[in-house]
Amino acid sequence: MAKQRESRWVKVVVAWIVRPLLRLVTKPVWRGTEHVPARGGVIIAANHLSTVDPLTVSHFMYVGARRWPTFTMKDAVMRIPVVRSVARSTGQIPIKRGTTEAVKALREAELALTRDGASVIFYPEGTCTRDPQLWPMTAKTGVARLALTTGVPVVPVAHWGEQNILPYQGEKKLSLFPPKRVEFLAGPPVDLSRFRDRPLTASVLTDATEAIMRDITDLQAKIRGEEPPAVPYDMKRARVEARAERTVEKDDGGPAEDGTSDDDNGKNEA
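Residue numbers (this note's numbering): 5 to 274.
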């Protein structure tokens with residue numbers, strides 16, 4: 005029997021506050037909500053554009069798809085007293101990345117999916133995209149592992165428009181008015197059948213992850229009406245190349261490094 009993860013009255017209060025605010029600053033367009041199952045465990049795999057898109061994704065899920073959104077939330081966010089109380093009361097899952105606690109958080113996510121029948125939202129990229137054109141990047145394999153371990157469906161969801169409210173890169177200036185058009189498109193569950201019942205090797209997880217991200221990218225391409233890059237942006241590779249270029253410049257007597265470390269640039273990574 006599914007366990008009730010959330011406080012009903014807190015859900016009502018949060019929805020009562022957040023929904024009018026989002027309606028005030030966004031013009032939501034939701035398509036594909038029929039692909040989100042009405043009940044039962046489901047992984048929602050979405051691209052990540054801005055620090056405000058957890059709110060718009062929640063809006064899409066709660067109002068459009070009629071499912072309560074459950075996120076895995078960074079420990080830094082959970083340290084904020086009010087946020088921590090609300091998050092715990094609404095069934096969110098805290099995660100301390102890079103520690104043994106992260107394993108416990110994934111276990112809790114697994115229970116939320118299989119025992120509680122929750123809809124759990126993941127950003128497979130682990131952070132906001134660094135692609136110059138804001139296309140989805142290469143992703144981590146955790147979502148694929150969880151999907152293949154639990155057997156629950158993975159519904160790909162693409163969205164576009166939050167970068168006009170608060171861009172993650174460049175000049176981070178909040179722009180609430182006039183209301184911004186924010187489009188969502190959900191697709192049918194990702195076909196992972198060829199990976200089922202196979203050992204979870206690195207190559208299997210990588211291929212399954214690429215299949216998930218390919219579906220998300222194709223959905224975003226439909227929203228944007230543009231052709232996505234043939235090869236997704238790889239943040240790790242870009243760092244290695246940038247580091248090599250700085251080294252060459254330094255050896256040639258060019259501009260010195262600016263002192264910004266990789267950790268500074270990637271402090272919000274999963």
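We put the CB at the ideal spot given by N, CA and C, even for glycine.
Reduced DSSP category for His39 - H, G, I as helix; E, B as strand; rest coil: In the sequence shown, the residue the question calls residue 39 occupies position 35. His39 falls in the helix class under three-state DSSP.
Work out the CA separation of Glu38 and Val159 for me, nearest whole Å. To locate residue 159, count along the sequence shown from 1; it is residue 155. To locate residue 38, count along the sequence shown from 1; it is residue 34. If you take the alpha carbons of Val159 and Glu38, they lie about 11 Å apart.
Which same chain residues end up closer than 7 Å to Leu59 when comparing Cβ atoms and leaving out the 5 residues on each side of it in sequence? Position 55 of the sequence shown, counted from the first residue, corresponds to residue 59. Cβ neighbours of Leu59 beyond the five flanking positions: Val22 and Leu26.
Residue closest to Gly45, alpha-carbon to alpha-carbon, out of Ala151, Glu245, Asn168 and Trp34: Residue numbering aside, residue 45 sits at position 41 when the sequence shown is read from its first letter. Among Ala151, Glu245, Asn168 and Trp34, the Cα nearest to that of Gly45 belongs to Ala151.
Proximity of Thr154 and Glu114 at Cβ, strictly below 7 Å: Counted from its first residue, the sequence shown places residue 154 at position 150. Counted from its first residue, the sequence shown places residue 114 at position 110. A contact, by the Cβ cut-off of 7 Å.
Cβ atoms of Val156 and Leu117: under 7 Å apart, would you say? In the sequence shown, the residue the question calls residue 117 occupies position 113. In the sequence shown, the residue the question calls residue 156 occupies position 152. Yes.
At least three beta-carbon pairs within less than 8 Å, the region 214-230 to the region 123-142: yes
Between which two residues does the beta strand (DSSP E) holding Lys184 run? Position 180 of the sequence shown, counted from the first residue, corresponds to residue 184. That run of the beta strand (DSSP E) goes Lys184 to Ala190.
Beta-carbon proximity check, Thr55 vs Lys184, cutoff 7 Å: The residue labelled residue 55 in the question sits at position 51 within the sequence shown. The residue labelled residue 184 in the question sits at position 180 within the sequence shown. Going by C-beta atoms, Thr55 is not nearer than 7 Å to Lys184.
To the nearest angstrom, report how far apart Pro98 and Ser123 are at their CA atoms. Residue 98 sits at position 94 when you count from the first residue of the sequence shown. Residue 123 sits at position 119 when you count from the first residue of the sequence shown. Their Cα atoms are separated by approximately 16 Å.
Using the three-state DSSP reduction, which class does Gly50 fall into: helix, strand or coil? Locating residue 50 in the sequence shown gives position 46, where the first residue counts as 1. Here the sequence assigns Ala to residue 50, which means Gly is not the residue at that position. Strand at Ala50.
Just how far apart, CA to CA, sit Asp262 and Ala212? Position 258 of the sequence shown holds residue 262. Position 208 of the sequence shown holds residue 212. Reliability of the predicted coordinates at Asp262 is poor, the pLDDT of 43 falling under 50, and the value obtained from them is presented with this limitation in mind. One C-alpha to the other measures close to 38 Å.
For Phe75, which of helix, strand or coil comes out of DSSP? For the purposes of this step, residue 75 is taken as residue 71 along the sequence shown, with counting starting at 1. Phe75 falls in the strand class under three-state DSSP.
Whose CA, out of Leu53, Arg241 and Glu249, lies closest to the CA of Gly174? Translated into the one-based positions of the sequence shown, residue 174 becomes position 170. Checked all of Leu53, Arg241 and Glu249; the closest Cα to Gly174 is Leu53.
Where does the unbroken alpha helix (DSSP H) through Pro236 begin, and where does it stop? Within the sequence shown, residue 236 is the residue found at index 232, counting from 1. Per DSSP, Pro236 belongs to no alpha helix (DSSP H) and is neither H nor E.
Indicate the three-state DSSP secondary structure (helix, strand or coil) for Lys271 in the structure shown. Within the sequence shown, residue 271 is the residue found at index 267, counting from 1. Residue placement at Lys271 is flagged as unreliable, the pLDDT there being 40, under the threshold of 50; the coordinate-derived value follows with that caveat. If DSSP states are grouped into helix, strand and coil, Lys271 belongs with coil.
Alpha carbon of Asn51 to alpha carbon of Ala225, nearest angstrom: For the purposes of this step, residue 51 is taken as residue 47 along the sequence shown, with counting starting at 1. For the purposes of this step, residue 225 is taken as residue 221 along the sequence shown, with counting starting at 1. So the alpha carbons of these two residues sit roughly 12 Å apart.
Output the boundary residues of the beta strand (DSSP E) element that contains Ala162. Residue mapping note: residue 162 aligns to position 158 of the sequence shown, counting from 1. Run containing Ala162: Val158 to Trp164, per the beta strand (DSSP E) assignment.
Let me check understanding here. Comparing Cα to Cα, which of Leu209, Met141, Leu180 and Lys254 lies closest to Pro233? On the sequence shown, residue 233 is found 229 positions in, with the first residue counted as 1. Out of Leu209, Met141, Leu180 and Lys254, Met141 has the C-alpha closest to the C-alpha of Pro233.
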